[in-house]
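Some notes on the structure that comes next.
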Amino acid sequence: MAVCVATTPASWFSLLLLAACYSLCSCMCVHADGKNVKSLFVFGDSYADTGNRDPLDESLNIFWKKPYGSTWPGHPTGRASNGRVFTDFFAAHIGVKTPPAYRVVQDEVKMHPKLRHLRSSIAGGVNFAYAGSGIFPTFGPKIPTISAQIDQFRAILRERSVCISDSSTALLVVAGNDYTIYGLSPKNESLANFTGRVVSGIIDSLKALHKLGFNKLAVTNLEPFGCFPAATAPSNYRICNETSTQESRLHNKLLASRIRGLKPILPKADITILDLDRAFSHALQGYFKHSRYQWKSCCQQKENGQCGAVDAKGNALYSVCPDPNEAFFWDTVHPTDSGWNSVAKILFS
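Quick note, the sequence shown lines up with residues -27 to -1, 1 to 322 if you use mature numbering (1 follows the signal peptide of the UniProt record, and there is no 0).
Below is the structure:
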């Protein structure tokens, strides 16, 4: 059954919105043949972000610069890859188009405030994921937390008609920014205690999304931290750092346990754990055996630079490998389009 929420009437136009709510829901959520329209709503970080960072903000727009997007579609799109990211592959797997970024939807609303245009923009879902996000505040006040992204979704529910049906899916991608901040901060609490708080935040997010109407929920566990290029560099990109990998697997073990505990509490919820740990591990073994780059990133930063950065004269502070399709990692933490394709094949086969 579809859930329809509209603004509280405050004007004649709001009254019209409320009166039209039920008919609009049928337009947005149901095909002419009576089947529910599939929709995908995404929350998370750079593994899922398809362009929510402001391309004009120099403090945030690194993913809007070359060579990001160089393989697909041939120019930067705000994705942290040379091509597609996890959201694109997950959307294809469930049979929907990649939903528009929340930033794009907001811009369209400002330009075309008519309900008809808005309805077509968000009928298939919205992507709220924001590169750098975490359960807790991470890299500055401009980066919304996961709970802030869910608040953005609530705002859409309050401000305009949106349908959540049995064919709607919420995807939650939490790839580890909280642990990056933990690693850079003074250790005022144990890793085990911090992990418990991060996982509790994920569980609270799943509960909140279910309460908002989602019965289909998918959440990622953590990829093996010890296999990132920075961790494998001391071994010439040949051996994963087992200590770092065990840290991510502590998170995964606790997450699986806590999600099992949700079943009696949320009996209608269908929660799927997307096992990035297994998928990354298997995919990386394939690249180790068959790729000349093994686990080295394709876009290599030069001294005092990073992938996408240039100096005052416009000279690149990075170098790009000849064939990104042969590399699993694009930059220090993000897979290439080819890498994500390999992960998706393992996850969804």
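Just so you know, even glycine gets a beta-carbon here, dropped at the ideal spot from N, CA and C.
Top-ranked residue by Cα proximity to residue i, from the options
| i | options | result |
| --- | --- | --- |
| residue 268 | 234, 172, 202 | 202 |
| residue 13 | 311, 95, 255, 46 | 95 |
| residue 104 | 142, 50, 80 | 50 |
| residue 266 | 16, 253, 303 | 303 |
| residue 147 | 225, 261, 183 | 225 |
| residue 252 | 207, 42, 59 | 59 |
| residue 271 | 183, 299, 168 | 299 |
| residue 289 | 281, 137, 296 | 281 |
| residue 296 | 264, 318, 315, 319 | 264 |
| residue 111 | 213, 186, 222, 19 | 19 |
| residue 138 | 187, 242, 41 | 187 |
| residue 312 | 125, 222, 256, 292 | 256 |
| residue 218 | 206, 199, 56 | 199 |
| residue 347 | 213, 292, 180, 56 | Nothing can be reported for residue 347: it is not among the residues displayed for the chain, which extend from -27 to 322. |
| residue 240 | 214, 260, 41, 183 | 183 |
| residue 261 | 212, 62, 127 | 212 |
Whole-number beta carbon distance between residue j and residue i, since they are thought to touch under 8 Å
| i | j | result |
| --- | --- | --- |
| residue 227 | residue 193 | Contact doesn't hold; Cβ gap of about 14 Å is too wide. |
| residue 286 | residue 140 | In fact, because the Cβ distance is near 52 Å, the residues do not count as touching under 8 Å. |
| residue 144 | residue 15 | 5 Å |
| residue 244 | residue 190 | 5 Å |
Chain B contact for residue i (CB, 8 Å cutoff)
| i | result |
| --- | --- |
| residue 285 | No chain B is part of this structure, which consists of one protein chain only. |
Neighbour-count burial assignment, residue i, 16 or more Cβ in a 10 Å radius
| i | result |
| --- | --- |
| residue 151 | buried |
| residue 160 | exposed |
| residue 33 | buried |
| residue 195 | buried |
| residue 113 | exposed |
| residue 308 | buried |
| residue 107 | buried |
| residue 122 | buried |
| residue 142 | buried |
| residue 5 | Low confidence applies here, because residue 5 scores a pLDDT of 44, under 50, leaving its location unreliable and the question unanswered by this model. |
| residue 220 | buried |
| residue 321 | exposed |
| residue 99 | buried |
| residue 127 | exposed |
Would you call the segment 16 to 24 in contact with the segment 71 to 79, where contact means no fewer than 3 C-beta pairs closer than 8 Å?
Contact holds: three or more Cβ-Cβ distances are below 8 Å.
At 4 residues or longer, and completely inside the segment 232 to 269: list those alpha helix (DSSP H) runs for me, N to C.
If only uninterrupted alpha helix (DSSP H) runs of at least 4 residues are considered, those enclosed by the segment 232 to 269 are 249 to 263.
Would you call the segment 232 to 245 in contact with the segment 272 to 289, where contact means no fewer than 3 C-beta pairs closer than 8 Å?
No: the two stretches stay apart, fewer than three of their Cβ pairs being nearer than 8 Å.
Taking one C-beta from the segment 161 to 177 and one from the segment 50 to 62 each time, how about it: are there three or more such pairs within less than 8 Å?
Between the segment 161 to 177 and the segment 50 to 62, the count of Cβ pairs shorter than 8 Å is below three; the stretches do not touch.
Continuous beta strand (DSSP E) assignments of at least 3 residues falling wholly in the segment 134 to 160
Every beta strand (DSSP E) of 3 residues or more that sits fully in the segment 134 to 160 is shown, in chain order, as 135 to 137, 141 to 146.
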